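**Q**
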Amino acid sequence: MLESGGNHLMFEQLKRKPEEGQKVSVELAFDRSDPVTVEIPVKSATYSPKTGH
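First residue of the sequence shown: 1, per UniProt numbering; consecutive thereafter.
#1: Does the distance from the CB of glutamate 39 to the CB of lysine 17 come in under 9 Å?
#2: Name the residue from Asn7, Pro41 and Thr46 whose alpha carbon lies nearest to the alpha carbon of valine 26.
#3: For serine 44, does the three-state DSSP call read helix, strand or coil?
#4: Pull the bridge partners of glutamate 20 from the DSSP assignment, please.
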């Protein structure tokens with residue numbers, strides 16, 4: 001599971017900018033298992049979790 005302070009995803013060069021508060025559906029593809037679809041909450045560009053990242 002992707003958690004604050006752990007592994008994370010960054011998206012660059014998106015065709016449209018998601019709005020803060022939206023949830024975006026993303027399909028994650030893996031070499032050795034079936035794809036998984038997850039809903040990711042959109043945080044503000046200035047979001048700063050307490051993990052220091």
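Idealized CB from N, CA, C, for every residue including glycine. Computed from a predicted structure; not experimentally measured.
**A** Once the coordinates are examined:
#1: Against the sequence shown, residue 39 aligns to sequence position 39. Against the sequence shown, residue 17 aligns to sequence position 17. Cβ distance not < 9 Å, so glutamate 39 and lysine 17 don't count as in contact.
#2: Here residue 26 refers to the residue found at position 26 of the sequence shown. Minimum Cα distance to valine 26 is reached at Pro41.
#3: Here residue 44 refers to the residue found at position 44 when the sequence shown is read from its first residue. Serine 44 falls in the coil class under three-state DSSP.
#4: Counting from 1 along the sequence shown, the entry for residue 20 is found at position 20. Partner(s): none; glutamate 20 has no beta bridge.
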